[in-house]
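The structure under discussion appears below in the form of structure tokens.
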Amino acid sequence: SFVRIIHDSPDVGSADVFVDGQHLLSNFQFGKVTPYVTLAPGPHHVQVALIGRGPDAAAINQNITVVSGEVYTVAALGTKSEGFKLQVYNDNNQVATGMAKMRVYNLSPDTGLKSITTNNNQVCGVMAYQDVSNYIPLQSGNYSFNISTAQSSASIPFSATLDQNTITSLFAVGESHGTPKLQFISTKVSGVPGMPGTGSDPNAPDPEAPQWSSLWLVVALVLSLVATSGIVINRRMMARKA
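Counted from 1, the sequence shown has number 169 at position 157 by my numbering; the numbering is strictly sequential.
Shown next, in the form of structure tokens:
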């Protein structure tokens, strides 16, 4: 199994993450996305706590189960008023040879996405909080997207280069009317031409990243999250509609 984690709990600052009692991530900052790492199949107990507080003070205590050969994005979500949790999404890193794919995750608790367009063509429609889009097949190239939300009359520009045989993930994080402010984070991983189902070759998500058989052996890797090649677009809301 291959798993990556994104921190999207606006009310939780820098956090420590524990898996099966082992300290996995330290100083895991809001909006960061880890590379994919290998996780042994089966159930695992995950805890997310404010940095330095320890697992006994975890804001999130949740069990997740992963299946051999499958690929997952695990989002740490929630607010103080609504509670905190992990949301698990099945990923599909298969891509048609020579093409690119994009997928959108709406992880902003107070933002509804209305549409995403490029060249006046809609590529993604209405998405509520915690929704994820289908994979959008696109030709490789440079794209200028316009993102419309229910919270603003002004569209949000977003530019991305979609390379052949890659999958781009676009995450809406933060809050339209709170802090941290709404922003869009983009990450790109290599696809696997011709792989069946939702599975993935161990080298598919990040061919240069080493793989290990158990998750807690990757501490040295994930502590370097600041090197993750995500693109963060910060935006201040210039106009709002009630």
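Cβ atoms here follow ideal geometry from the backbone N, Cα and C, with glycine treated the same way.
Given that a residue counts as buried once 16 or more other Cβ atoms are within 10 Å of its Cβ, and exposed if not, what is residue i?
i	result
Glu187	buried
Ala69	exposed
Asp218	In this predicted model, Asp218 has a pLDDT of only 44, less than 50, meaning its place in the structure is not dependable; the value taken from the coordinates is given anyway. With 16 or more Cβ atoms within 10 Å of its Cβ, Asp218 is classed as buried.
Val138	exposed
Ala71	buried
Ser171	exposed
Ala108	exposed
Asn132	exposed
Ser165	exposed
Asn105	buried
Pro22	buried
Arg115	buried
Gly43	buried
Measuring straight from C-alpha to C-alpha, what distance separates residue i and residue j?
i	j	result
Gln323	Ile197	Only positions 13 to 254 of the chain appear in this structure, which leaves residue 323 out of reach.
Asp213	Leu125	Because the pLDDT at Asp213 is just 44, under 50, the model does not fix this residue reliably, and the value given afterwards should be weighed accordingly. Taking the straight line joining both Cα atoms gives about 32 Å.
Tyr147	Glu82	16 Å
Ile179	Val49	17 Å
Ser93	Ala87	18 Å
Val60	Ala27	7 Å
Asn2	Asp143	Any question about residue 2 goes unanswered here, given that the chain covers just 13 to 254.
Gly33	Lys97	17 Å
Arg65	Pro121	25 Å
Thr191	Thr91	11 Å
Gly203	Ile63	34 Å
Pro149	Tyr141	23 Å
Val201	Asp103	11 Å
Gly95	Leu89	9 Å
Gln163	Gly110	37 Å
Ile76	Pro67	16 Å
His35	Ser145	32 Å
Assuming residue i contacts residue j (C-beta within less than 8 Å), just tell me the rounded distance between them.
i	j	result
Ser167	Ser160	5 Å
Tyr101	Ala184	That belief does not hold up - the Cβ atoms of Tyr101 and Ala184 are roughly 14 Å apart, past 8 Å.
Pro169	Asn154	13 Å between Cβ atoms; not a contact.
Ser80	Pro53	4 Å
Val45	Thr199	5 Å
Considering residue i, what are the terminal residues of the beta strand (DSSP E) in which it resides?
i	result
Arg16	14-20
Phe42	It is not in any beta strand (DSSP E) - Phe42 carries neither H nor E in the DSSP assignment.
Asn132	Note, Asn132: premise wrong, no beta strand (DSSP E); not H, not E.
Gly153	153-161
Met111	111-118
Asp28	27-31
Ser181	178-185
His189	Unbroken run through His189: none, as it is neither H nor E.
Ala140	Counting along the chain, Ala140 falls outside any beta strand (DSSP E), and DSSP gives it neither H nor E.
Asn146	Careful: Asn146 lies outside any beta strand (DSSP E) and carries neither H nor E.
Leu98	95-103
Thr91	83-91
Does the separation of the CB atoms of residue i and residue j fall below 8 Å?
i	j	result
Ile18	Thr85	yes
His56	Val24	no
Leu182	Thr123	no
Gln41	Ala112	no
Val15	Val78	yes
Leu51	Ser13	yes
Asp20	Leu174	no
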